[in-house]
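A.B. asks: Protein chains in written order, with my numbering: chain A, 48 to 709; chain B, 21 to 131. Don't be surprised by glycine CBs; every beta carbon is placed ideally from N, CA and C. I have a structure here, written as structure tokens, and I will follow up with some questions on it.
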């Protein structure tokens, strides 16, 4: 058989009957009974079983009872070999052969005569055993040795080692069969109960083909793979369950925080206006309950049962809670006995901006311009400050440029006189750098744009967006010529919604990008321009004015308090007169006076809290202690406004963002 | 006797296709599971984006790795965002049959 044929030979039925040799080593007895039991075990399953004894002067004795298979074998052997050589006993056919030189040949002949599925057990003296095992014609499949291991252990080991080197399977029977089992075996009956099962295993171990080894190996690999897959599915299931619980917690916390964000204006609205309950106001308990409901509903919609969800508010004792925490305890059932319990926590809230006098800036960048020709709010593009209406026009131009595949960047925009002085000192040539106080950059309307590859596009398109190329020799310098003139008094209050008119032109943009950042979203639309104007004129953060107005009157221009304060800004008649406010019920004039007063108070006390306290309680009370006086109304007033400013992030965030807190 | 040598390894070779098929099935299931975790993550990314006012569909797509671009479908219906992904498979129909999807509620998160 060639190598290749050998490779592709599939397991197939054996070509000849399976031959097992049995003998005893040393003084062990009962080897013949063991051989008979082995053969009878095969015979009991209707497999043709032959027991060959190689012994002198014996004749096979027919048994009184024999199976049909055994009878057929007996007839076959007697007719084909020699008469009287075989006799059927129970489930097996016993054959006796005279020992001699021809014995292996006789056995080989016998094996060739019996059916291929037969099971043949030979039994002989240890002296004859070797010639049987070594005879290549026989191809002995397995050997059963009857050994008393106590005395003959070394001999058994030697024999087993030798048989193993010949690739013959070897099994050792340490004890003889019991008396009853021996009787049964010798009459061709399978041993009973326990030893019967043992012999069945023994027979299987001795006669199974090697194919039986490849199959278990393949099955083993498959089993390992399947087990690994099941383990991974379980692991993955646990991971997915955990991830889903976490997701549910995240979204639930976000929902709670969003509810808080949406309700915050109502929480911060004054509870009463002139002793009359304010329908806008929402109590803290309602506020928290609504957040709890929103969070629970979101968790439920994302697959967490309501009773597995716990909603907490870490800052619920603060004036305005802004954080929601969702804890979800989920149970992941993987079909195992114990479901895995997973725990997911998420917290969401709103970023807390830091407050500083004169407007807050992102990363140290001022929100209001100073030290130049322009002193209004600043919008940032590419990190460079500019007038908000200029920024809005720049946005439209940048979008149009991007549509043509051009990215424009801002190299420089608003520069204070101090910055201009530094530039001029480096480069004192008036053609290229204007002396401090003369550059249009101090107006917040001028942009130095880049890169140079965009110059030609800018030259032909900038005018569509209200920009003018100021100097023919500066291809990068564009001024915003459509709105109020640079550094004009009109320029400062410009960026009320829409920008002074011109900015609205080209792209139809709403001009919100810069200006609305300064006014919190809770301010009613009709008061936004007035607040912005006043804030810019008096250099007071618009958010402070807005928060005050809400705390004072809830934006009610006709409000009158029991103590006699009047109008949207709740001026006392005396104070109103000091600030030239003829009609405190005129909201625009009142807001202007409020900004003027706040500007003075901020200058006097240097802190927003103290200025607010002075606005509410009068400057004298604050001056006395240099602190917020311990008048309950004043303390509450300052706290409410500071909460609005800090919580709503009105100074900073044009879009008030809810996010997960790590 | 000599012919019997190496029989086990010969027969193991015959069993290799079975082992390979089982291994393929296991790998395919693994790919499906991994894809499910990706879809879960993408759905959450979408929901979180919705909470801050951005487009949930775009965020969900961006959260999937590049190879999955052509295998993802993102749908938004009745306040739910559903991300469906066909896991990678050497056989197209199997990938389609094993399509996994993950759905989150945008309730209260998207305006």
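Round the Cβ separation of residue 167 of chain A and residue 64 of chain A to the nearest angstrom and send it over; I've been treating them as touching at under 8 Å.
C.D. replies: That belief holds up - the Cβ atoms of residue 167 of chain A and residue 64 of chain A are roughly 5 Å apart, short of 8 Å.
A.B. asks: Going by DSSP, what residue range makes up the alpha helix (DSSP H) through residue 622 of chain A?
C.D. replies: First-last of the alpha helix (DSSP H) with residue 622 of chain A: 620-625.
A.B. asks: Using the DSSP secondary-structure output, state which residues sit across from residue 433 of chain A in a beta bridge.
C.D. replies: Looking at the DSSP assignment, residue 433 of chain A forms a beta bridge with A:426.
A.B. asks: On the CB-based measure, 16 or more other CB atoms within 10 Å of its CB, does residue 110 of chain B come out buried or exposed?
C.D. replies: Counting Cβ neighbours within 10 Å, residue 110 of chain B comes out exposed, since fewer than 16 surround it.
A.B. asks: What would DSSP say about residue 141 of chain A, mapped onto helix, strand or coil?
C.D. replies: Note: residue 141 of chain A maps to strand in three-state DSSP.
A.B. asks: Tell me, to the nearest whole angstrom, how far the beta carbon of residue 345 of chain A is from that of residue 302 of chain A; I am working on the premise that it is less than 8 Å.
C.D. replies: About 4 Å; that satisfies the 8 Å criterion.
A.B. asks: According to DSSP, what are the bridge partners of residue 527 of chain A?
C.D. replies: Bridge partners of residue 527 of chain A: A:514.
A.B. asks: Distance, Cα to Cα, residue 288 of chain A vs residue 275 of chain A?
C.D. replies: Going from the Cα of residue 288 of chain A to the Cα of residue 275 of chain A covers about 19 Å.
A.B. asks: Hey, residue 42 of chain B and residue 269 of chain A are a contact pair by Cβ (cut 8 Å); roughly how many whole angstroms apart?
C.D. replies: With 8 Å as the limit, residue 42 of chain B and residue 269 of chain A qualify as a contact, their Cβ atoms being about 5 Å apart.
A.B. asks: Please list the terminal residues of the continuous beta strand (DSSP E) segment that includes residue 455 of chain A.
C.D. replies: It is not in any beta strand (DSSP E) - residue 455 of chain A carries neither H nor E in the DSSP assignment.
A.B. asks: Name the chain B residues that come within less than 7 Å of residue 67 of chain A, Cβ to Cβ?
C.D. replies: Within chain B, no residue comes near residue 67 of chain A; the closest Cβ sits about 15 Å away, beyond 7 Å.
A.B. asks: Once DSSP output is grouped into helix, strand and coil, what is the label at residue 9 of chain A?
C.D. replies: Only positions 48 to 709 of chain A appear in this structure, which leaves residue 9 of chain A out of reach.
A.B. asks: Below 9 Å between beta carbons: does that hold for residue 205 of chain A and residue 180 of chain A?
C.D. replies: Going by C-beta atoms, residue 205 of chain A is not nearer than 9 Å to residue 180 of chain A.
A.B. asks: Would DSSP call residue 241 of chain A helix, strand or coil?
C.D. replies: Residue 241 of chain A: helix per DSSP, three-state reduction.
A.B. asks: In the DSSP assignment, find the unbroken beta strand (DSSP E) run with residue 735 of chain A in it and report its ends.
C.D. replies: A query on residue 735 of chain A cannot be resolved here, the shown segment of chain A reaching from 48 to 709 and no further.
A.B. asks: Following the continuous alpha helix (DSSP H) through residue 534 of chain A, name the residue where it begins and the one where it ends.
C.D. replies: Run containing residue 534 of chain A: none; DSSP gives neither H nor E here.
A.B. asks: DSSP beta-bridge partners for residue 70 of chain A?
C.D. replies: Its beta-bridge partners are A:192.
A.B. asks: Compare the C-beta of residue 286 of chain A with all C-beta atoms of chain B and state if any pair is closer than 9 Å.
C.D. replies: So, interface residue.
A.B. asks: Alpha carbon to alpha carbon, how far is residue 225 of chain A from residue 69 of chain A? Give it in angstroms, no decimals.
C.D. replies: Using only the alpha carbons, I get a separation of about 18 Å.
A.B. asks: Have a look at A:452, A:621, A:190, A:221 and flag the residue whose alpha-carbon is nearest the alpha-carbon of residue 252 of chain A.
C.D. replies: Nearest of A:452, A:621, A:190, A:221 to residue 252 of chain A, Cα basis: A:190.
A.B. asks: Alpha carbon to alpha carbon, how far is residue 436 of chain A from residue 545 of chain A? Give it in angstroms, no decimals.
C.D. replies: Reliability of the predicted coordinates at residue 545 of chain A is poor, the pLDDT of 33 falling under 50, and no value is obtained from them.
A.B. asks: If we ignore side chains and look at the alpha-carbon of each, how far apart do residue 484 of chain A and residue 314 of chain A end up?
C.D. replies: Cα to Cα, the separation comes out at about 47 Å.
A.B. asks: Among A:353, A:342, A:79, which residue has its Cα nearest to the Cα of residue 230 of chain A?
C.D. replies: Nearest C-alpha to residue 230 of chain A: A:79.
A.B. asks: Starting from the Cα of residue 431 of chain A, find the closest Cα among A:445, A:458, A:421, A:452 and give me that residue.
C.D. replies: Nearest C-alpha to residue 431 of chain A: A:458.
A.B. asks: Quick check on the burial criterion: 16 or more other C-beta atoms within 10 angstroms. Buried or exposed for residue 136 of chain A?
C.D. replies: Buried.
A.B. asks: Give a yes or no on whether 9 Å exceeds the smallest Cβ distance from residue 279 of chain A to chain B.
C.D. replies: Yes, its Cβ sits closer than 9 Å to a Cβ of chain B.
A.B. asks: Return no unless some Cβ of chain B is closer than 9 Å to the Cβ of residue 399 of chain A.
C.D. replies: Caution is warranted here: a pLDDT of 42 is assigned to residue 399 of chain A, below 50, making its placement in the model unreliable, and the coordinate value is therefore given only provisionally. Cβ-Cβ to chain B under 9 Å: no for residue 399 of chain A.
A.B. asks: Any idea what DSSP makes of residue 46 of chain B, helix, strand or coil?
C.D. replies: Note: residue 46 of chain B maps to helix in three-state DSSP.
A.B. asks: Within 8 Å, do at least three Cβ pairs link the stretch 230-246 of chain A to the stretch 77-96 of chain A?
C.D. replies: Touching, yes, given that three or more Cβ pairs across the two stretches are closer than 8 Å.
A.B. asks: Does the distance from the CB of residue 525 of chain A to the CB of residue 495 of chain A come in under 9 Å?
C.D. replies: In contact: residue 525 of chain A and residue 495 of chain A (Cβ atoms closer than 9 Å).
A.B. asks: For residue 337 of chain A and residue 297 of chain A, which I take to be in contact (beta-carbon distance under 8 Å), what is that distance rounded to the nearest angstrom?
C.D. replies: So it is not a contact: roughly 20 Å between Cβ atoms.
A.B. asks: Taking 9 Å as the CB-CB limit, is residue 64 of chain A close to chain B?
C.D. replies: No, residue 64 of chain A does not count as interfacial toward chain B.
A.B. asks: How many angstroms separate the CA atom of residue 207 of chain A from the CA atom of residue 284 of chain A?
C.D. replies: If I take the Cα positions, the gap works out to 51 Å.
A.B. asks: Would residue 100 of chain B pass as an interface residue toward chain A - the criterion being a Cβ-Cβ separation below 9 Å?
C.D. replies: Yes, contact with chain A.
A.B. asks: Would you list, in chain order, the members of the stretch 288-305 of chain A that have their beta-carbon closer than 7 Å to a beta-carbon of chain B?
C.D. replies: Per Cβ criterion, the list reads 290, 291, 294, 297, 298, 301, 302, 305.
A.B. asks: Taking only beta-carbon atoms, is residue 105 of chain B less than 9 Å away from chain A?
C.D. replies: So, not an interface residue.
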